[in-house]
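Chains as they are written, first to last, in our numbering: chain D, -3 to 282; chain Y, 546 to 1058.
The beta-carbon is built from N, C-alpha and C at its ideal position, and this holds for glycine as well.
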């Protein structure tokens, strides 16, 4: 890709990473801006570290990174998700002031709950459930822990929900815009995008008071159990995305995080009950 | 656990090991060991499969690996995606009796050389060797049982008087691959003219570019010159030739030079192996020492030729033992599964017909051994792409189901064995590059080499602190007894077990070799 001034260029920042996106495909640009108002901020003249191109060539759209085509897509609805994934992966490579953790995060009254877990452990579901209980959305996937303050910063990507978790959006709807993404057969997927009322200030970071490791256990009981600190550190280390950039400091950051918080595991057979237990826990300590 | 990432294409599999996860990209015939941290990324892609990515999951996976080389620890290319195609088949079905596909027939024990490593211990003709008629019966029965490839070996095959007739008979039985093994020292022009018309392939054993070293292994002066002349003559008659170099004490450092020498003669297909502890090779294999031939998992095909690849393709994959579908009949009629597995006879011809041997329980059971049955390998993420030579395990360790003794990969640590040396020091010492933090009496250890995290309970934490290179295990036990009321025997036992755990996980410095 050869960037030219004639093409629309987006200069954005995700966490501390300045990114440039050049495109000749207007529909993509519109869609990207609609999906990411809470995730990206203006780069304010900072030199981009990563450069993407979204270039329409005949019937394909090429996603380019540093001038090299990395995807050739023939379906428009795949462009934004793949680019957002690429941006996320670029953060893992380049962001050095935040330790990125595979975890959801919500905040209420200035106190954050971290929800670390692997894929399909129920992070997004629990995040949505807690949002229905009045918590504010920070992220459902990437918790950014500042390396010095050991506080969590928002990484507010649009939440991708399917038919089954759609009922969870009922309250969230007020501050999130539903964006019908794709209807294919029986799989119905939607993005819900945080709007003005739900966008958390990007320069504010939140102290983590609770770390809850959810585990989805279909039709099982709801059990909230304290987790020993060493085990919690270990579990967090296993969920780090970019800890290798921090080498030995990574362990210190995770240890610091655990020392300041209370750690639990949550077997989540029923979402409503799980949220109630968390509310009780938070209420007691308040 | 095996997850098929893209079932619509059936081309990519994730196989989880205790530490690492391997990605089998069947489309490219490649295996990657993926960083544990990336497994979740891939898991995320998987979970999104019914959604927007759909059939492009494959593209996304490849994208991650191609664009973030740091995420894939190392990559092992395989020469043939055909074998990996087989992985899918073998993962999905392995039932019913296995069929014979390949036979080695050791026509005679007579040999004009006396090679130091000879697995058949060839030399003089044995009195009770099978008759020409019996070899024909075996060829006929083998063909009926489904064998399509046969390797005529010895001894020296040219010393077997009925060789040409047997090759012609094999042709009439519709064998599509016939290989004659020879030392190429006595190939006369008339014989070569006949061979050229029979469409056979010739396999030659060769040892060194250095005549003296070669002759000292064959134990016959002048054999180097004769073999070289033989190879040239075979090539001039346009007979397909491949060479195998067996490495042992006398030629251990000659591999590169010997390859170049043979390539200079015009040979294209050259393989090598380290001497195996079978027949006369037992002594030689002791002489070369333990470390020789050791390395990582053997993920490459052992047989690069097209002909052999076809044989290989008939086996489902390398995960299943390499002797599957194969049988060796010695000059006296004893059946083995492989030339190296002479300690494990599975029948005897003509007392048992070939069909009885092949369909017998012993052969069928031994043919079905997969790496899922093998200690350690059964947990290894690379097992579906790894060479599974049971004869090597059996002859080296005495245990049929032991891990390939040449493989130094430890799936439980994700590291190659020998990392930090072998064995525990007399005064155990923790690796200096490890990072550890104590949280409420418990210790968390981070290993920057493989990004593993370990958690120690308070007592293990104390032992960890005492692994400072100044305390023997006994002294560590004494220190523990000073702070804990327990029986000395029990404490010693616990300390030993804990230290062994540290060692197994690669957390201690090893003995310098």
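Decide yes or no for the touch test of the region 115 to 128 of chain D against the region 260 to 274 of chain D: beta carbon pairs closer than 8 Å, at least 3 of them. Look at the beta carbons and you see the region 115 to 128 of chain D touching the region 260 to 274 of chain D: at least three pairs across the two are nearer than 8 Å.
With 16 other CB atoms within 10 Å as the buried threshold, where does residue 735(Y) fall? Sequence index remark: in the second chain, residue 735(Y) carries index 190 (1-based). The residue is exposed, with fewer than 16 neighbouring Cβ atoms inside 10 Å.
Answer yes or no: does any C-beta atom of chain D fall closer than 8 Å to that of residue 1046(Y)? Position 501 of the second chain, counted from the start, is the residue given in the question as residue 1046(Y). For residue 1046(Y), not one C-beta of chain D is nearer than 8 Å to its own C-beta.
Evaluate residue 1029(Y) with the Cβ neighbour count: other Cβ atoms within 10 Å of its Cβ, from every protein chain shown; 16 or more gives buried, anything less gives exposed. Taking the first residue of the second chain as position 1, residue 1029(Y) is located at position 484. Flag for residue 1029(Y) reads exposed.
Using the Cβ count rule (16 or more neighbours within 10 Å means buried), how would you classify residue 1015(Y)? The residue given as residue 1015(Y) occupies position 470 in the second chain. Under this definition residue 1015(Y) is an exposed residue.
Determine, using beta carbons only, whether residue 563(Y) comes closer than 8 Å to chain D. In the second chain, counting from the first residue as 1, residue 563(Y) sits at position 18. No, residue 563(Y) does not count as interfacial toward chain D.
Please confirm if the region 804 to 821 of chain Y is in contact with the region 907 to 916 of chain Y, defined as three or more CB-CB distances below 8 Å between the two stretches. The region 907 to 916 of chain Y and the region 804 to 821 of chain Y do not touch, with fewer than three beta-carbon pairs separated by less than 8 Å.
Name the residue from 1033(Y), 976(Y), 797(Y) and 717(Y) whose alpha carbon lies nearest to the alpha carbon of residue 1049(Y). Numbered from 1 along the second chain, position 504 holds the residue referred to as residue 1049(Y). Nearest option by C-alpha distance: 976(Y).
Is the shortest distance between the beta-carbon of residue 225(D) and the beta-carbons of chain Y less than 8 Å? Counting from 1 along the first chain, the entry for residue 225(D) is found at position 229. So yes, residue 225(D) belongs to the interface.
Could you give the distance in angstroms between the alpha-carbon of residue 53(D) and the alpha-carbon of residue 89(D)? Counted from its first residue, the first chain places residue 53(D) at position 57. Counted from its first residue, the first chain places residue 89(D) at position 93. Using only the alpha carbons, I get a separation of about 29 Å.
What residues are listed by DSSP as bridge partners for residue 720(Y)? Locating residue 720(Y) in the second chain gives position 175, where the first residue counts as 1. Its beta-bridge partners do not exist; DSSP assigns none.
Express the C-alpha separation of residue 27(D) and residue 188(D) in angstroms, rounding to a whole number. Within the first chain, residue 188(D) is the residue found at index 192, counting from 1. Within the first chain, residue 27(D) is the residue found at index 31, counting from 1. The alpha-carbon of residue 188(D) is positioned some 13 Å away from that of residue 27(D).
CB residue 810(Y) to CB residue 749(Y), shorter than 8 Å? Working through the second chain from its first residue, we reach residue 810(Y) at position 265. Working through the second chain from its first residue, we reach residue 749(Y) at position 204. With contacts defined as CB atoms closer than 8 Å, residue 810(Y) and residue 749(Y) fail to qualify as a contacting pair.
Thinking C-alpha only, which one of 564(Y), 886(Y) and 908(Y) is nearest residue 664(Y)? By one-based count along the second chain, residue 664(Y) stands at place 119. Nearest of 564(Y), 886(Y) and 908(Y) to residue 664(Y), Cα basis: 886(Y).
Quick one: give me the first and last residue of the beta strand (DSSP E) that residue 751(Y) is part of. For the purposes of this step, residue 751(Y) is identified with residue 206 of the second chain, where counting begins at 1. Taken as a continuous stretch (DSSP letters only), the beta strand (DSSP E) holding residue 751(Y) covers 746 to 751.
Any Cβ of chain D within less than 8 Å of the Cβ of residue 662(Y)? Residue 662(Y) sits at position 117 when you count from the first residue of the second chain. So no, residue 662(Y) is outside the interface.
Assumed close pair residue 8(D), residue 38(D) - CB separation to whole angstroms, cut-off 8 Å: Locating residue 8(D) in the first chain gives position 12, where the first residue counts as 1. Locating residue 38(D) in the first chain gives position 42, where the first residue counts as 1. Yes, residue 8(D) and residue 38(D) are in contact; Cβ-Cβ is about 7 Å, under 8 Å.
Alpha helix (DSSP H) containing residue 942(Y): first to last residue? Mapped onto the second chain, residue 942(Y) falls at position 397. In the DSSP annotation of this structure, the continuous segment of the alpha helix (DSSP H) that includes residue 942(Y) starts and ends at 935 to 942.
Name the chain Y residues that come within less than 7 Å of residue 234(D), Cβ to Cβ? The count along the first chain starts at 1 and reaches residue 234(D) at position 238. Close to residue 234(D), with beta-carbon spacing below 7 Å, are these residues of chain Y in chain order: 998.
Check whether chain Y comes within 8 Å of residue 102(D), counting only Cβ atoms and requiring the distance to be less than that. Counting from one through the first chain, the residue named residue 102(D) turns up at place 106. Not one chain Y Cβ lies under 8 Å of residue 102(D).
Can you check the region 84 to 156 of chain D for any beta strand (DSSP E) of at least 3 residues that lies completely inside it and give the ranges in chain order? Qualifying beta strand (DSSP E) stretches, in chain order: 94 to 104, 107 to 112, 132 to 135 and 138 to 142.
Determine the direct distance from the alpha carbon of residue 190(D) to that of residue 238(D), and round the result to whole angstroms. If you number the first chain from 1, residue 238(D) lands on position 242. If you number the first chain from 1, residue 190(D) lands on position 194. Taking C-alpha positions only, residue 238(D) is separated from residue 190(D) by approximately 26 Å.
Can you tell which of 683(Y), 730(Y) and 731(Y) has the C-alpha that lies nearest to the C-alpha of residue 714(Y)? As a working note, residue 714(Y) is residue 169 in the second chain. Cα-wise, what sits closest to residue 714(Y) is 683(Y).
Using a Cβ cut-off of 8 Å (strictly closer), state whether residue 985(Y) contacts chain D. Here residue 985(Y) refers to the residue found at position 440 of the second chain. Residue-level contact by beta carbon holds for residue 985(Y) and chain D, with a gap shorter than 8 Å.
What does residue 247(D) touch in chain Y if you count any residue whose Cβ is under 7 Å from its own? By 1-based counting over the first chain, the position of residue 247(D) is 251. Going along chain Y in sequence order, the residues near residue 247(D) (Cβ under 7 Å) are 980, 982, 989 and 991.
On the DSSP letters alone, give me the boundaries of the beta strand (DSSP E) that residue 259(D) sits inside. Counting from one through the first chain, the residue named residue 259(D) turns up at place 263. 258 to 264 is the extent of the beta strand (DSSP E) around residue 259(D).
Under 8 Å between C-beta atoms of residue 1051(Y) and residue 960(Y): Here residue 1051(Y) refers to the residue found at position 506 of the second chain. Here residue 960(Y) refers to the residue found at position 415 of the second chain. Contact: yes.
So, with DSSP's three-state summary, where would you put residue 37(D)? Your numbering for residue 37(D) matches position 41 in the first chain. Reduced to three states, the DSSP call for residue 37(D) is strand.
From the DSSP output, read off the bridge partner residues of residue 648(Y). Taking the first residue of the second chain as position 1, residue 648(Y) is located at position 103. Partner(s): 695(Y) and 872(Y).
Just the chain Y side, please: which residues come within less than 8 Å of residue 255(D) by C-beta, in chain order? Residue 255(D) sits at position 259 when you count from the first residue of the first chain. 984, listed in chain order.
Got a sec: is the Cβ-Cβ distance from residue 251(D) to anything in chain Y below 8 Å? Translated into the one-based positions of the first chain, residue 251(D) becomes position 255. For residue 251(D), the closest Cβ of chain Y is nearer than 8 Å.
Return the residue from the list 1020(Y), 1038(Y), 1033(Y) and 989(Y) that minimises the CA-CA distance to residue 247(D). Position 251 of the first chain, counted from the first residue, corresponds to residue 247(D). Minimum Cα distance to residue 247(D) is reached at 989(Y).
Could you check the C-alpha separation between residue 6(D) and residue 236(D) for me, to the nearest Å? Here residue 6(D) refers to the residue found at position 10 when the first chain is read from its first residue. Here residue 236(D) refers to the residue found at position 240 when the first chain is read from its first residue. Going from the Cα of residue 6(D) to the Cα of residue 236(D) covers about 29 Å.
Pick from 711(Y), 761(Y), 759(Y) and 757(Y) that is closest to residue 740(Y), judged by C-alpha positions: Along the second chain, one-based indexing puts residue 740(Y) at 195. Taking each of 711(Y), 761(Y), 759(Y) and 757(Y) in turn and checking the Cα distance to residue 740(Y), the smallest one comes out for 711(Y).
Sorted by chain position, which residues of the same chain lie with C-beta nearer than 7 Å to residue 1003(Y)'s C-beta, five sequence neighbours on each side aside? The residue you call residue 1003(Y) lines up with position 458 of the second chain. Cβ neighbours of residue 1003(Y) beyond the five flanking positions: 986 and 987.
Can you have a look at residue 624(Y) and say buried or exposed, based on whether 16 or more other CB atoms are within 10 angstroms of its CB? The residue you call residue 624(Y) lines up with position 79 of the second chain. Bear in mind that a pLDDT of 35 at residue 624(Y), under 50, signals an unreliable position, so the model cannot answer this.
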